[in-house]
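For what it's worth, the numbering used here labels the leading residue of the sequence shown as 1, then goes sequentially.
Worksheet: the structure to be examined is printed underneath.
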Amino acid sequence: MGKEVRPGISNNIIAKLSDFNVALSHLRKKRKIPTTLASFNAVEKYTQLNGYPLHWTKQACHIIFRHPVFQ
């Protein structure tokens with residue numbers, strides 16, 4: 001995978017950023033899934049109270065609100 005060289009970004013900086021990216025990737029892979037994360041079955045049972053489109057020209061994704069009782 002070739003890196004595109006842009007004016008103002010030296011090879012040294014690109015190397016440091018690449019190394020940092022590799023280090024962060026290793027940490028993310030070691031992270032365990034939180035036990036408090038809702039399961040697929042639990043999310044399936046959620047009821048949509050409101051919907052707010054993220055894009056004004058067409059509806060796409062909606063956000064999930066937590067019920068005040070469970071906050």
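Using N, Cα and C, we set each Cβ at its ideal position, and we do this for glycine too.
List the endpoints of the continuous alpha helix (DSSP H) containing Asn50. The count along the sequence shown starts at 1 and reaches residue 50 at position 50. First-last for Asn50: undefined, no H or E at that position.
For the alpha helix (DSSP H) containing Arg28, list its first residue and its last residue. Counting from one through the sequence shown, the residue named residue 28 turns up at place 28. Following the DSSP letters along the chain, one finds Arg28 inside the alpha helix (DSSP H) bounded by residues Asn11 to Lys30.
Roughly how many whole angstroms lie between the Cα atoms of Ile9 and Lys29? Along the sequence shown, read from residue 1 onward, the residue named residue 9 stands at position 9. Along the sequence shown, read from residue 1 onward, the residue named residue 29 stands at position 29. Their backbone Cα atoms lie some 29 angstroms apart in a straight line.
Please report the distance separating the alpha-carbon of Leu24 from that of Val43. To locate residue 24, count along the sequence shown from 1; it is residue 24. To locate residue 43, count along the sequence shown from 1; it is residue 43. Near 29 angstroms, if we compare the C-alpha coordinates of Val43 and Leu24.
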